[in-house]
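Student: Whatever position you read off the sequence shown (first residue = 1), add 528 for the numbering used here.
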Amino acid sequence: MGCVYAALALLAAAGLWAFLYYQNNHLTVSRYVLPELKELRIVHLSDLHGKRFGKHDEKLLSRIRQLRPDLILFTGDVVYKRKPDIRRSLPFIRAAAEIAPFYFVSGNHEHWGNDYEGIVRQLCEAGAISLEDRAVTLPCGITLAGSIDGGILPEIEGEKRAARRARVRSRMLPLKKLKGKGCSILLSHRPELTDIYDELGFDLVLCGHAHGGQFRLPFVGAVFAPGQGLFPKYTAGVHRFPHTTMVVSRGLGKSLFPFRLFNCPEIVFLTGEAEQH
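1) Check whether the Cβ atoms of V751 and Y762 sit closer than 8 angstroms, and answer yes or no.
2) How should S712 be labelled, buried or exposed, when 16 other C-beta atoms within 10 angstroms of its C-beta is the threshold for buried?
3) F630: buried (16+ other C-beta within 10 angstroms of its C-beta) or exposed?
4) Within a Cβ cutoff of 6 angstroms, which residues of the same chain sit near Q756, ignoring the five residues on either side of it in sequence?
5) Does DSSP put Y725 in a helix, in a strand, or in coil?
6) With A623 and L589 assumed to form a contact (beta carbons below 8 angstroms), what rounded beta-carbon distance in angstroms separates them?
7) Taking buried to mean at least 16 other C-beta atoms within 10 Å of its own C-beta, is Y644 buried or exposed?
8) May I ask you to verify whether the stretch 560 to 578 touches the stretch 679 to 692, counting CB pairs closer than 8 angstroms and requiring at least 3?
9) Would you say the stretch 650 to 658 touches the stretch 695 to 707, given that touching needs at least three Cβ pairs under 8 angstroms?
10) For L595 and W640, I'd like the C-alpha separation in whole angstroms.
11) Excluding sequence positions up to five away, which residues of its chain have a Cβ less than 8 angstroms from the Cβ of G800?
12) Pop quiz: P754 and H737 are said to be a contact at Cβ under 8 angstroms. What is the actual Cβ separation, rounded to whole angstroms?
13) If E794 sits next to T556, beta carbons under 8 angstroms apart, how far is it from one beta carbon to the other, in whole angstroms?
14) In terms of alpha-carbon separation, which member of E803, R718 and S558 lies closest to S760?
15) Assign V696 to one of three DSSP states: helix, strand, or coil.
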């Protein structure tokens, strides 16, 4: 009987390992139709955290190529603070930038390391285009703007949450001048700043950071997200407000906890027209 129990235990362990491997490595594509984009095709990525998908990231690159994007927009955390080595992800960035123009903003993990400026420089040398507190207007008339992670401010001892949020708002309000006259898109890492995004008034805001809640339970949804706490509201999908629409990516890599649950890595695909299959 001991051998039977041991065999069953091994089978259970193998099954659990296979399940967790699938949860952390199976790439999903979430497709959203946003009429304001017209014919533009956008791949939105976030929170890579140095993770790789197959040899030379070919699995991830292949899925992106299949979507035929006009733009690839990345909303922060290309590195992981415990191993903040940007060189691990640079081959993917180079290859992705050959598929379509690759624009990015930083996330908190870029700032938690000790070489934020070096990370940004190397990303740009690899072919990515920084939108750190700046904007570009595309030939199609759409304005792309970006924010350096709005939650990264020097801490003030004893500062209350409302006071800190007011400082974040004050820091981000100048972005309003970058909107342009046509459709405008803002890249910003944190989805919990919804009142600030609505005040800025960009047509579309793309965010990441929440990792889809890391764990997503059936019929419940996300369990926890930084900046939002338990059972957070803004962890994935499309959220509409009076003056803006926000799309949140569930991200690609893992967070401080090493597993994702019912929350496979996600590529977000945005287009202005429903595709015929």
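We put the beta carbon where it would ideally sit given N, CA and C, even for glycine.
Tutor: Concretely, from the data shown:
1) Residue 751 sits at position 223 when you count from the first residue of the sequence shown. Residue 762 sits at position 234 when you count from the first residue of the sequence shown. No, the Cβ-Cβ distance between V751 and Y762 is not below 8 angstroms.
2) Here residue 712 refers to the residue found at position 184 when the sequence shown is read from its first residue. Flag for S712 reads buried.
3) For the purposes of this step, residue 630 is identified with residue 102 of the sequence shown, where counting begins at 1. It counts as buried.
4) Against the sequence shown, residue 756 aligns to sequence position 228. Excluding positions up to five away in sequence, the list reads E720.
5) Locating residue 725 in the sequence shown gives position 197, where the first residue counts as 1. Helix, per DSSP.
6) Position 95 of the sequence shown, counting from 1, holds the residue named residue 623. Position 61 of the sequence shown, counting from 1, holds the residue named residue 589. 5 angstroms between Cβ atoms; contact.
7) As a first step, residue 644 must be located in the sequence shown, where it is residue number 116. Answer is buried; the Cβ neighbour count reaches 16.
8) no
9) no
10) In the sequence shown, the residue the question calls residue 595 occupies position 67. In the sequence shown, the residue the question calls residue 640 occupies position 112. Taking the straight line from one Cα to the other gives about 33 angstroms.
11) Translated into the one-based positions of the sequence shown, residue 800 becomes position 272. Same-chain partners within the cutoff: V561, L562, P563, E564, L565, K566, E567 and L568.
12) On the sequence shown, residue 754 is found 226 positions in, with the first residue counted as 1. On the sequence shown, residue 737 is found 209 positions in, with the first residue counted as 1. At roughly 7 angstroms, the Cβ-Cβ gap stays under 8 angstroms, so P754 and H737 are in contact.
13) Residue 794 sits at position 266 when you count from the first residue of the sequence shown. Residue 556 sits at position 28 when you count from the first residue of the sequence shown. Confirmed, about 5 angstroms.
14) Taking the first residue of the sequence shown as 1, we reach residue 760 at position 232. As written in the sequence, residue 760 is Pro, which differs from the Ser given in the question. The shortest Cα separation from P760 among E803, R718 and S558 belongs to R718.
15) Position 168 of the sequence shown holds residue 696. Three-state result, V696: helix.
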